[in-house]
Structure formats: structure tokens, C-alpha cells
Amino acid sequence: MLRIKMPSILVLLITLLLSNTAYSTPSDAKVAGFAGADYWQVVKQGSEGRTQDKGSESGQLINVAGEEWRHWRNQWITPAGIFAIGGTLAILAIFYLLVGQKKLEQPRSGQLIERWKRLDRANHWTVAVLFIILAISGLSLLYGKFVLKNLLGNSMWADYMLLCKLAHNYLGPLFVLGLLFMILRWIKHNMFNRTDLIWFLKGGGIIGNAHPSAGYMNGGEKLWFWLLTIVGLIVCISGLVMDFQNFGQLRETMQISNLLHAAGSLLLIAASFGHIYIGTLGTEGALEGMKTGYVDETWAKQHHDLWYEEVTKKSHKDQ
Amino acid sequence: MARMKFLCDSKRCIECNGCVTACKNENEVEWGVNRRRVVTINDGEPGETSISVACMHCSDAPCMAVCPTDCFYQTDDGIVLHNKDLCIGCGYCLYACPFGAPQFPSDAAFGERGKMDKCTFCAGGPEEDNSPEEKAKYGANRIAEGKLPMCAEMCSTKALLAGDANEVSDIFRERVIYRGHNDGAWSMSEEDLAYDATQQKA
């Protein structure tokens, strides 16, 4: 015992005598390797170690990115979505009460003009129905637990949420296909021009009796088209990233995708209320076009005068 | 009431993976799912350190905060458990968890992950204690029997400690004091928490 102890006491004494600095900063390589502050800093930065576990990212002890994701999702996107959707609904309700429906100013002529082909309408309604299903299931995934859980009770709640998830994950890719088809088919109608600038400057004639000119699509419709194209594609791509996690995306990729997906789709849902309002309650005769494919001459003249002229000129030529 | 915690003493862990094996055996965890894993940093280099990690049963658990179906709950002992009947396998708990604790039995297209599985602190689930249903879904419920998690109980070097946070930190504090640190390991100075007098060189 003494034999072992004597040298170590000597070492200790020599250490104390010779190196005051070594005693106060014991952070040389040997110590830093142990689980001290430096070590945890490296671990917190997500450095990977070796493990027998074959799971994805299992070599990482700590991944702090999830906390950031939680913060953005729960503290910002969740309340912002309520404001966006609630605010849009409130504005539309107030607008309807104050201004009311945009009526046809002339009596219907009874003369019908073809506006949407069968394929256009099939495409529109497919995308629309999928959009609504995805919106309801998506909103349930984000907000359901605050409202529905207590209303439904555990077992119905579980079934409903599973249905939402399955609908979202399996119908989502179909929506992507429908939207892509729609973008390709309608992009030629939706290039902005000078007419649209004037249309926007006159506020689209939404209030009052101004009648800004419009071609086949007016400025507002084009805006909705490009919103669906740009934000819609972001939502589609980020959705696919999360839906096909089997390709081995890392958590951080899916966290960012989730934020883009949630923010983008909440924006689209809020905007879609505007689209639905204008297409149904807000404008007399607007729904007919997408329902039957034909609109009344009077409606065409009032809302899409340049298109109306184009169509009539063409039909005169044909005769 | 106790506040249950895990603590892995990184200076004692020898990466034997006994805790992983004990956990898998005790809870009959599915193939491909590991509720606990051992990670070695600086493997094969001086200063190699191993740590056993599983669900840390956070007080403010991120998984709980983001779960769309609200399937998580915390017991009076602070153990974070979940109800597999409510789990839809969306994977959000995995996005949120800093420790990579939530595990999924499947990894198929269209987000088909199956129901999430994670460390229960050997405390089972919402079913009746030690019922066959509970056993099948969540594994053992040792807490109901007054026992601690199997991983810690089986740890050969007693690196992995489990139990009431006060008890666990008392044990760890005592160890650190015996290791010779100046201020009982709770220093905020630059000095290393794991300072070891016996390892110092002149």
C-alpha cells in the first residue's frame, strides 16, 4: 500500500509546487475528453458518436433543432393560422353584410357562352374536393386536440385522427397531381398584363360601380392562380418530403418541411375562403360557369368584357 | 411524490450495452426498435466517453407539446407515458425530441410508421397495471411493483442510475466528491465537472 501511495503523494506535492497554472486550469486534452462542459457543448452541437443502434441518426445524443421547430410551430404558426383563417372569415362576413352580393346589372340575356370545358371543370372540382378534405384533416391535426378531443371522447377521437392522417397522407399525392395538371393547363390564361394593373388599381371593382376591364381571367383570379402555383407547390413538395420519410430524410429536413407546409397551407386555406366567397355568395352568376361550363352573356360582359369581345368577334368570324 | 429521472454517469459507462439488452428483454420490444441505446463519443481516441440514452422523461416534454392527438401524459412521478390507442404514427414526437427517443416499428411510404414506442421508465401504459394488454403494448410495469427500471438495475458498473431525482443526484454528487473536485461538481467555473484528481498529471 505504502509503495503505491508514496509516489502519488510525491506527484501531488510536485504538482502543487511546480504548476500553479495546471491546478487552476485542468482543461488539457485528457480532461476535456471526459464529460465536462466542453464535451457537452460538442454533444449539444449534434456531433455524432458510434452506436450499435441501427436507427436513423441514432449516433446523435442530442439534437436541439426539434426545440426550434416546436417553438415555431406552437408559438407562431398555430396562433397565426387562427388569426389568418378567423380574420379572413370575419372580413368576408362583414363585407357580405355591408356590401352584399355583386348583382348582375343587366337582366340575363339567356344567351350562353362556353367558359369552362368539361376537363377544366373535372380538374377544378377534383382539386377543390381534395383541397377541402386535406384542409379539414390538416386543421384537425393542428387544432383538433384543443377542441375535438373533449367533444368526441378517446375512442372516437382516435378513429377520427387516424382517418385524418390516412386521408392526408394518401390523398395528398393525388392533390399534387391534380394541381400540377391545373397549373399546366391554365398557365396560359394567367400571364399578368397591363389590363390587370389597371384592374388592381381600380380595386377590381369590388366596391362601387367601377368596371375595370378584364380578359378571360381578371387580376384577382390570376393572383389566386399564382398563389396556388407558388405556395401550392411549396406545400406539395414539403408534404411529399414528410409523406415519404422512407427515403431516409433527416429530422431537420422534415422539421423545416413541416413549418413550410403548415404556414403555406394555412395561407392557402385563408385565401381559399376569399375564392369560395367570390365564386359563390359574392358574385351572382359566377358559380354557373364552373358548374355547367356556360355563363350568361350579361355576366361575361359585366365581368370579363375583353374576353366577351374576343369570343363574339371570333363567333362573327366563324359565321 | 418522487420525481423520476435517469442519469448516466459518463465516467462509469463502459459501453457494454447491458442496459439495451435488459430493456429489450424486460419489455419484449419489437424487432428494429430500441428504446435505449449507448452512444460513444470519441470512440477509440483518448477521452472516449459512452452514454446510455433513452427517453429522459422531461418535465416540459416536447413530444407532449407537439402531439396532434394529445396521446402523452405524465404520471405523478413525472414519468412521460403515451397511449398507443391514440397514436397515429405521425412522427411529430420524433421531430421534437432532442434525444431521439420515440421509435417506430415501420418505415414505409405514405408515412406508415406504425405506433410509436419509447421508454416507459418500466411503468407500462394507461391499461390496468400488469394486465396482459399493458404487457403486450408497453412491456413491463416494474414501477407498479415498487421496482426501478430494468436497464438501471442491470447496469454492471452502476453508471446508469434511475429513480427519484433527489436520490440520484445525491449518489452522483457523492461520487463526484470522492473523485476530488473542488466544489462538489456544481461549479460554474471553467473547471471541468468531471475533474478527476487521480487523473491529473504534473
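Those protein sequences? They're chains A and B, same order as listed. Mapping to numbering that gives the first Met the number 0: the first sequence position 165 is 164, numbers consecutive. Mapping to numbering that gives the first Met the number 0: the second sequence position 124 is 123, numbers consecutive. For glycine and all other residues, C-beta sits at the position ideal for the given N, C-alpha and C.
Subject >> Close-in-space but distant-in-sequence residues of the same chain around residue 7 of chain B (CB under 8 Å, 5 per side omitted) >> reply: Indexing the second sequence from 1 puts residue 7 of chain B at position 8. Only 50, 51, 52, 158, 159 and 160 meet the Cβ criterion.
Subject >> Any chain A beta carbon closer than 8 Å to residue 5 of chain B >> reply: As a working note, residue 5 of chain B is residue 6 in the second sequence. Chain A contact via Cβ: absent.
**OP:** List the residues of chain B whose Cβ lies closer than 7 Å to the Cβ of residue 225 of chain A, in chain order.
**Re:** Position 226 of the first sequence, counted from the start, is the residue given in the question as residue 225 of chain A. Within chain B, no residue comes near residue 225 of chain A; the closest Cβ sits about 29 Å away, beyond 7 Å.
Original post:
Given a threshold of 16 other Cβ atoms within 10 Å of its Cβ, counted over all protein chains shown, does residue 301 of chain A qualify as buried or as exposed?
Top reply: Position 302 of the first sequence, counted from the first residue, corresponds to residue 301 of chain A. Here residue 301 of chain A is buried. Its C-beta has 16 or more other C-beta atoms within 10 Å.
Original post:
Count the other CB atoms within 10 Å of the CB of residue 102 of chain B; is the residue buried (16 or more) or exposed (fewer)?
Top reply: Against the second sequence, residue 102 of chain B aligns to sequence position 103. Taking a 10 Å sphere around the C-beta of residue 102 of chain B, we find 16 or more other C-beta atoms and assign the residue as buried.
Subject >> Local Cβ density within 10 Å of residue 295 of chain A, reported as buried at 16 or more and exposed below that >> reply: Working through the first sequence from its first residue, we reach residue 295 of chain A at position 296. So residue 295 of chain A counts as buried.
**OP:** Please determine, among A:268, A:104 and A:41, the residue with the shortest C-alpha to C-alpha distance to residue 88 of chain A.
**Re:** For the purposes of this step, residue 88 of chain A is taken as the residue at position 89 of the first sequence. Residue 88 of chain A has its Cα closest to that of A:268, out of A:268, A:104 and A:41.
**OP:** Just the chain B side, please: which residues come within less than 7 Å of residue 68 of chain A by C-beta, in chain order?
**Re:** Residue mapping note: residue 68 of chain A aligns to position 69 of the first sequence, counting from 1. Residues of chain B passing the Cβ test: 94 and 95.
Original post:
Buried or exposed: where does residue 59 of chain B fall if 16 or more other Cβ atoms within 10 Å of its Cβ makes it buried?
Top reply: Working through the second sequence from its first residue, we reach residue 59 of chain B at position 60. A residue is called buried once 16 or more other Cβ atoms fall within 10 Å of its Cβ, and residue 59 of chain B, having fewer, is exposed.
Subject >> Contact set between the region 37 to 53 of chain B and chain A, restricted to residues whose Cβ is under 9 Å from the partner >> reply: Using a CB distance below 9 Å, the part of the region 37 to 53 of chain B facing chain A consists of 37, 38, 39, 40, 41, 42, 43, 44, 45, 46, 47, 48, 49, 50 and 52, ordered along the chain.
Subject >> With 16 other Cβ atoms within 10 Å as the buried cut-off, status of residue 0 of chain A >> reply: For the purposes of this step, residue 0 of chain A is taken as the residue at position 1 of the first sequence. In this predicted model, residue 0 of chain A has a pLDDT of only 37, less than 50, meaning its place in the structure is not dependable; the value taken from the coordinates is given anyway. Around the beta-carbon of residue 0 of chain A, fewer than 16 other beta-carbon atoms lie within 10 Å, marking it exposed.
Original post:
Between the region 76 to 92 of chain B and chain A, which residues of the former have CB atoms less than 7 Å from a CB of the latter, in chain order?
Top reply: The residues in question are 84, 85, 87, 89 and 90.
Original post:
According to DSSP, is residue 39 of chain B helix, strand or coil?
Top reply: Along the second sequence, read from residue 1 onward, the residue named residue 39 of chain B stands at position 40. In the three-state reduction of the DSSP assignment, residue 39 of chain B falls in the strand class.
**OP:** Would you kindly work out how many angstroms separate the C-alpha atoms of residue 110 of chain A and residue 285 of chain A, rounded to a whole number?
**Re:** One-based indexing of the first sequence puts residue 110 of chain A at position 111. One-based indexing of the first sequence puts residue 285 of chain A at position 286. Each residue's Cα considered, the two are about 15 Å apart.
Subject >> Beta-carbon gap between residue 47 of chain A and residue 59 of chain A smaller than 8 Å >> reply: The residue labelled residue 47 of chain A in the question sits at position 48 within the first sequence. The residue labelled residue 59 of chain A in the question sits at position 60 within the first sequence. The beta carbons of residue 47 of chain A and residue 59 of chain A sit closer together than 8 Å.
Original post:
Between the C-alpha atoms of residue 113 of chain B and residue 164 of chain A, what's the straight-line distance to the nearest angstrom?
Top reply: As a working mapping, residue 113 of chain B is identified with position 114 in the second sequence. As a working mapping, residue 164 of chain A is identified with position 165 in the first sequence. Across the structure, residue 113 of chain B and residue 164 of chain A are spaced so that their CA atoms are roughly 12 Å apart.
**OP:** Please state whether DSSP places residue 119 of chain B in a helix, a strand or coil.
**Re:** Residue numbering aside, residue 119 of chain B sits at position 120 when the second sequence is read from its first letter. Correct three-state label for residue 119 of chain B: coil.
Original post:
Does the separation of the CB atoms of residue 223 of chain A and residue 274 of chain A fall below 8 Å?
Top reply: What you label residue 223 of chain A is simply residue 224 of the first sequence in a count that begins at 1. What you label residue 274 of chain A is simply residue 275 of the first sequence in a count that begins at 1. Between residue 223 of chain A and residue 274 of chain A, the gap from beta carbon to beta carbon is short of 8 Å.
**OP:** Would you kindly work out how many angstroms separate the C-alpha atoms of residue 89 of chain B and residue 211 of chain A, rounded to a whole number?
**Re:** The residue labelled residue 89 of chain B in the question sits at position 90 within the second sequence. The residue labelled residue 211 of chain A in the question sits at position 212 within the first sequence. Using only the alpha carbons, I get a separation of about 48 Å.
Original post:
Between the region 2 to 21 of chain B and the region 162 to 178 of chain B, are three or more C-beta pairs nearer than 8 Å?
Top reply: Counting Cβ pairs under 8 Å, three or more are found: they touch.
**OP:** Just the chain B side, please: which residues come within less than 8 Å of residue 161 of chain A by C-beta, in chain order?
**Re:** Within the first sequence, the letter at position 162 stands for residue 161 of chain A. Result: 87.
Original post:
By Cβ distance, which residues of its chain are closer than 8 Å to residue 23 of chain B, with the 5 residues on each side in sequence left out?
Top reply: Position 24 of the second sequence, counting from 1, holds the residue named residue 23 of chain B. For residue 23 of chain B, where only same-chain residues beyond five positions count, the Cβ hits under 8 Å are 33 and 34.
Original post:
Does the beta carbon of residue 74 of chain B come closer than 8 Å to any beta carbon on chain A?
Top reply: The sequence position of residue 74 of chain B within the second sequence is 75, counting from 1. It does not: the Cβ of residue 74 of chain B has no partner Cβ on chain A nearer than 8 Å.
Original post:
What are the partner residues of residue 49 of chain A, as DSSP defines its beta bridges?
Top reply: Stepping through the first sequence from its first residue, residue 49 of chain A is reached at position 50. DSSP lists B:39 as partners of residue 49 of chain A.
Original post:
Would you report the Cα separation of residue 216 of chain A and residue 78 of chain B, rounded to the nearest angstrom?
Top reply: As a first step, residue 216 of chain A must be located in the first sequence, where it is residue number 217. As a first step, residue 78 of chain B must be located in the second sequence, where it is residue number 79. The alpha-carbon atoms of residue 216 of chain A and residue 78 of chain B are separated by roughly 59 Å.
Subject >> Residue from A:311, A:276 and A:132 whose Cα sits closest to the Cα of residue 90 of chain A >> reply: Taking the first residue of the first sequence as 1, we reach residue 90 of chain A at position 91. Considering only alpha carbons, the answer is A:276.
Original post:
What residues of chain B sit near residue 105 of chain A, judged by a beta carbon separation below 7 Å?
Top reply: Sequence index remark: in the first sequence, residue 105 of chain A carries index 106 (1-based). The premise fails here: residue 105 of chain A is roughly 51 Å from chain B at the closest Cβ pair, so nothing lies under 7 Å.
Original post:
Among the residues of its own chain, which have a CB less than 8 Å from the CB of residue 9 of chain A, if the five just before and after it don't count?
Top reply: The count along the first sequence starts at 1 and reaches residue 9 of chain A at position 10. Confidence in residue 9 of chain A is poor, its pLDDT being 49 and thus under 50, which makes the residue's placement unreliable; the coordinate value appears in the next sentence. The answer is none, since no qualifying residue turns up.
Original post:
What in chain B is Cβ-close to residue 46 of chain A, meaning under 8 Å?
Top reply: As a working note, residue 46 of chain A is residue 47 in the first sequence. Among the residues of chain B, those whose CB is under 8 Å from the CB of residue 46 of chain A are 40, following chain order.
Original post:
Just the Cα atoms here: how many angstroms apart are residue 225 of chain B and residue 128 of chain B?
Top reply: The requested residue 225 of chain B is not part of the displayed model; chain B covers only 0 to 201.
Original post:
What do you get for residue 75 of chain A, buried or exposed, if any count of 16 or more other CB atoms within 10 angstroms of its CB means buried?
Top reply: Within the first sequence, the letter at position 76 stands for residue 75 of chain A. With fewer than 16 other Cβ atoms from the protein chains shown falling within 10 Å of its own Cβ, residue 75 of chain A counts as exposed.
**OP:** Can you give me the Cβ contacts of residue 263 of chain A inside the same chain, cut-off strictly under 6 Å, excluding the 5 residues immediately before and after it?
**Re:** On the first sequence, position 264 is the one that residue 263 of chain A refers to. Scanning its chain for C-beta atoms nearer than 6 Å, with the 5 sequence neighbours on each side dropped, one finds around residue 263 of chain A the residues 230, 233 and 234, in chain order.
Subject >> Cut-off 6 Å between Cβ atoms - residues of its own chain near residue 153 of chain B, not counting five sequence neighbours on either side >> reply: Taking the first residue of the second sequence as 1, we reach residue 153 of chain B at position 154. Hits under 6 Å: 17 and 21.
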